[in-house]
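Protein chains: 2
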Amino acid sequence: MKLHFLGTGSSYPTTKRGVSATALQHDDGSVWLFDCGEGTQIQAQKVAISKKKITNIFITHLHGDHIFGLPGLLCTISSQMGLTEEDIRNKGAPVVDIFGPLGLNKYIIASLTLSHSPLVFQFRVHELIPEDVQYPEGNEDVKNDVSLQTSHPSQLPGTCIKATADSFGNLLWQLKDDDRWCVAAGWIHHRVPTFGFVIREKERPGTLDKEKLLALGIKPGPLYGQLKGGKSLTTEDGRTVTPDMVLGPPIPGRTVVILGDTSDASPLAHLVQGCDVLVHEATHDNSLKDKALEFGHSTPLQAAAFAKAIGAKTLLLNHFSQRYVPASKETSETEDSITLLEEQALSAVAGTSIHVQCADDLFVYNIPSQTRNVTLS
Amino acid sequence: MKLHFLGTGSSYPTTKRGVSATALQHDDGSVWLFDCGEGTQIQAQKVAISKKKITNIFITHLHGDHIFGLPGLLCTISSQMGLTEEDIRNKGAPVVDIFGPLGLNKYIIASLTLSHSPLVFQFRVHELIPEDVQYPEGNEDVKNDVSLQTSHPSQLPGTCIKATADSFGNLLWQLKDDDRWCVAAGWIHHRVPTFGFVIREKERPGTLDKEKLLALGIKPGPLYGQLKGGKSLTTEDGRTVTPDMVLGPPIPGRTVVILGDTSDASPLAHLVQGCDVLVHEATHDNSLKDKALEFGHSTPLQAAAFAKAIGAKTLLLNHFSQRYVPASKETSETEDSITLLEEQALSAVAGTSIHVQCADDLFVYNIPSQTRNVTLS
Chain A
6 MKLHFLGTGS SYPTTKRGVS ATALQHDDGS VWLFDCGEGT QIQAQKVAIS
56 KKKITNIFIT HLHGDHIFGL PGLLCTISSQ MGLTEEDIRN KGAPVVDIFG
106 PLGLNKYIIA SLTLSHSPLV FQFRVHELIP EDVQYPEGNE DVKNDVSLQT
156 SHPSQLPGTC IKATADSFGN LLWQLKDDDR WCVAAGWIHH RVPTFGFVIR
206 EKERPGTLDK EKLLALGIKP GPLYGQLKGG KSLTTEDGRT VTPDMVLGPP
256 IPGRTVVILG DTSDASPLAH LVQGCDVLVH EATHDNSLKD KALEFGHSTP
306 LQAAAFAKAI GAKTLLLNHF SQRYVPASKE TSETEDSITL LEEQALSAVA
356 GTSIHVQCAD DLFVYNIPSQ TRNVTLS
Chain B
6 MKLHFLGTGS SYPTTKRGVS ATALQHDDGS VWLFDCGEGT QIQAQKVAIS
56 KKKITNIFIT HLHGDHIFGL PGLLCTISSQ MGLTEEDIRN KGAPVVDIFG
106 PLGLNKYIIA SLTLSHSPLV FQFRVHELIP EDVQYPEGNE DVKNDVSLQT
156 SHPSQLPGTC IKATADSFGN LLWQLKDDDR WCVAAGWIHH RVPTFGFVIR
206 EKERPGTLDK EKLLALGIKP GPLYGQLKGG KSLTTEDGRT VTPDMVLGPP
256 IPGRTVVILG DTSDASPLAH LVQGCDVLVH EATHDNSLKD KALEFGHSTP
306 LQAAAFAKAI GAKTLLLNHF SQRYVPASKE TSETEDSITL LEEQALSAVA
356 GTSIHVQCAD DLFVYNIPSQ TRNVTLS
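These protein sequence lines are chains A and B, in that order. Just so we're aligned, residue 6 is where the first sequence starts under our numbering, counting upward by one. Just so we're aligned, residue 6 is where the second sequence starts under our numbering, counting upward by one.
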């Protein structure tokens, strides 16, 4: 499982750095995309990502630098799928699920219909309904009408996802829950309703000990799957074999957290304790804290403080003001390098085991598989 | 006056070639932009164009590869203007005029309002109302409601521009008519209502002959302007000086024609006879004529035939399928170079004086000033 940082700049794209887009590439090559600023489809051409393998798109908030690449990307996914009408009749059209705040559907439908864009795949828009607390004072006017009517020929009905609260009042939007993944969103402070996404991989059964199985007289075949699925079996000579006799320890799932723009992510802290990877914005360096806060953004110090508070193992910074020059380029006397931000975050986590890195454009982070820490008795 | 080809690819942007956007840069640095595909603002950073000098934007049609860069560009123009509230109180906000087919306003307003994008400048959207003949059979459903309500805080009321017909039934949409410019649109065949823009510079007074003026005892000052403005004057010693005595021949205006996608531009032929520059698409090479026509596009042969029919002095081709490799790059065995298209157009104009060129990304065409052909008597 890899994270590809396709665009890590804030506000507007430049020739040196794109705007927000992060791709989570699964082992089977399928891709979940988080945010889609203008030019995301160009950035995706620079890395080993097949646009037609994008199955899910998650939008943290509706600011232009996070969504203006979405209509074009959808059109290009469609043209690159290379599906004929016969393919679709025989196999059905692929479906792309798109999650994001209320208003996203209206934006997608207006863009696709007014531009007369047909799509060969089908899509569903699932809108997260913000809570009142997410509308900053004076910004109540950004509330939009719920608009989940299906009005594009390729659109399937989506869902309205409302928050649920636990007994402490902590809010959670539940997006997915299947055999492999549990995906939820929590809200974070910004100038408009903004979410962070929590991708939790479920624990998987351990590896089968093939030598032990053969010693028990069980040959490769469907029985292996039965044991891996947690069911015991009886051998021909009458012995009972339970899964724990032949399976290694379960493989723990990984938790990846990808936040939108924020000046304070604490409202979703309850969802992300001990996560493996935290992607947190750091728009300005510590000396510009006031400016960062004024516009709903963070500094490396704030991002690091949040990573420490939740016990994240790895902190990856993104969403840099375009004034910070990529580490690979020379800076002039009046410019600051992105390394300034990285150094500030590193200082802030000194003495902890948190791994910190600035995830500039085209950076790839390989999310390591976990092995359970076994306490020897 | 220069044409900057910011994006000359069709369908989707790549790392090698952007999608439709052409900038007409005036001598004072102000810019009129024609179409604005995704990534136009990134392309504009590669050339000597200041985004905040864009005063007029013209959209040929509403396909995504011509408009998906517009919301982001408007946001970036705003942030780069660097205007404070005080500046605006003192000097007023600059105004950007945007012209394009019916539906453009709805697209702009949906994109800007749903993305919570404030703008420091003001803008007006002027929608060209297509005629019934522009909706290809079976595509009547692309008609949109007129939607010129002002619904963005920075928006001023725009106009609905309807076609007028001359006595031959030729259609014309009149966009601008001032001291310096006359700008009109005509319709061309494509899959959706599509326009071509005709920018006609008005004839300017000739150069003042300063030696002659001094000999007549007229010193530099307001009287020079009076003569240049076409008014006669009387000198102190009672002689009458008429403008034709001291002015060189009038400087003819130039005519630049920028078309949208088309399989047949003949409906606007009546507007563009003898133009100086014709920008015409050539999406596919001559061998793919059927494919070009099926999707409402042209080949170099068609573009050249139109240039010959209207007597254009220069033909610049754009809107290339991304399968044609830029001339500066090497082609593999399975690829064709853009030079194939240029050669096909050159063959088609052989024997004429038409100058032909493929205007690939970042090509700059300097539009020469005209001097009137004076017939010696």
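All residues carry an ideal CB built from backbone N, CA and C; glycine is no exception.
Distance, residue j Cα to residue i Cα
i         : j         : result
Thr240(B) : Gly258(B) : 32 Å
Leu219(A) : Gly226(A) : 12 Å
Thr60(B)  : Asn110(B) : 17 Å
Gly105(B) : His66(B)  : 7 Å
Arg129(A) : Phe39(B)  : 34 Å
Leu321(A) : Arg205(A) : 17 Å
Ala49(A)  : Leu8(A)   : 12 Å
Gly222(B) : Asp33(B)  : 32 Å
Tyr329(A) : Leu351(B) : 47 Å
Ser382(B) : Asp214(B) : The predicted model places Ser382(B) with a pLDDT of 37, which falls under 50 and marks its position as unreliable; any figure quoted below should be read in that light. Taking the straight line from one Cα to the other gives about 21 Å.
Gln179(B) : Ala170(B) : 11 Å
Ile2(B)   : Pro331(B) : Limits of chain B in this structure are 6 at one end and 382 at the other, which puts residue 2(B) out of reach.
Asn378(A) : Arg209(A) : Residue confidence for Asn378(A) is low, a pLDDT of 47 falling below 50, so the modelled location carries little weight and cannot support an answer.
Met6(A)   : Trp37(A)  : 11 Å
Ala270(B) : Ile193(B) : 5 Å
Ser159(B) : Leu88(B)  : 14 Å
Phe10(B)  : Leu306(B) : 21 Å
Cys187(B) : Leu293(B) : 37 Å
His31(B)  : Glu338(B) : 42 Å
Glu91(A)  : Lys51(B)  : 43 Å
Leu367(A) : Thr27(A)  : 9 Å
Cys41(A)  : Ile64(A)  : 7 Å
Asp341(A) : Tyr229(B) : 53 Å
Listed by chain order, chain A residues near residue i by CB distance under 9 Å
i         : result
Ala115(B) : Lys111, Tyr112, Ile114, Ala115, Ser116 and Leu119
Per-residue contacts from residue i into chain B (C-beta, under 7 Å)
i         : result
Glu43(A)  : Glu43, Gly44, Gly74 and Gly77
Gly108(A) : Leu119
Under 7 Å by beta carbon: chain A residues contacting residue i
i        : result
Gly69(B) : Pro76, Gly77, Cys80, Ser120 and Ser122
Residues near residue i in its chain [Cβ-Cβ closer than 6 Å; skip 5 each side]
i         : result
Thr380(B) : Legend: pLDDT at Thr380(B) = 43, less than 50; position of this residue unreliable, value from coordinates given subsequently. Answer for Thr380(B): no residue qualifies.
Thr288(A) : Ser15, Ala297, His302, His324 and Ser326
Ser347(A) : According to the sequence shown, residue 347(A) is Glu rather than Ser. If we look at Glu347(A) and ignore the five residues flanking it on each side, its Cβ neighbours are Cys363.
Cys80(A)  : Ser122
Asp102(A) : Asn61 and Arg129
Asp137(B) : none
Closer than 8 Å at the beta carbon, the chain B residues around residue i
i        : result
Pro18(A) : Gly44, Gln46, Ile47 and Gly77
Residue i at chain E interface by Cβ criterion, 8 Å
i         : result
Val197(A) : In the structure shown, chain E does not exist; the protein chains are A and B.
Contact set between residue i and chain A, taken where Cβ atoms lie within less than 8 Å
i        : result
Ser84(B) : Ser16 and Tyr17
Gln50(B) : Thr19 and Thr20
Residue i and residue j closer than 8 Å at C-beta
i         : j         : result
Gly265(B) : Gly191(B) : no
Phe126(B) : Ala168(B) : no
Asp281(B) : Lys318(B) : yes
Glu286(B) : Ala308(B) : yes
Ile315(A) : Val261(A) : no
Tyr112(A) : Leu119(B) : yes
Lys56(B)  : Leu78(B)  : yes
Asn291(A) : Gln375(A) : no
Ala115(A) : Ala53(B)  : no
Thr20(B)  : Ile47(A)  : yes
His195(A) : Thr245(A) : no
Contact set for residue i: own chain, Cβ-Cβ below 7 Å, skip 5 residues either direction
i         : result
Glu43(B)  : Pro18, Val24, Phe73 and Gly74
Ala189(A) : Leu177, Trp178, Gln179, Leu180, Val203 and Leu276
Asn175(B) : His275
Contact set for residue i: own chain, Cβ-Cβ below 8 Å, skip 5 residues either direction
i         : result
Gly211(A) : Leu252, Gly253, Pro254, Pro255 and Ile256
Thr247(A) : Ser237
Ile359(A) : Ala309, Ala312, Lys313, Ala317, Lys318, Thr319 and Leu320
Thr386(A) : Nothing about residue 386(A) can be reported from this structure: the residues present for chain A run from 6 to 382 only.
Lys233(A) : Pro210, Leu213, Pro248 and Leu252
#### Entry: Completely contained beta strand (DSSP E) runs for the region 320–355 of chain B, where each covers 3 or more residues
none
### Query
Which runs of the alpha helix (DSSP H), 4 residues or longer, sit entirely within the region 31–106 of chain A?
45–49, 69–72, 75–86 and 90–96
### Task
List in chain order: all unbroken alpha helix (DSSP H) runs of 4+ residues lying wholly within the region 254–284 of chain B.
none
### Those runs of the beta strand (DSSP E) which lie wholly inside the region 110–186 of chain B and span at least 3 residues
127–133 and 176–182
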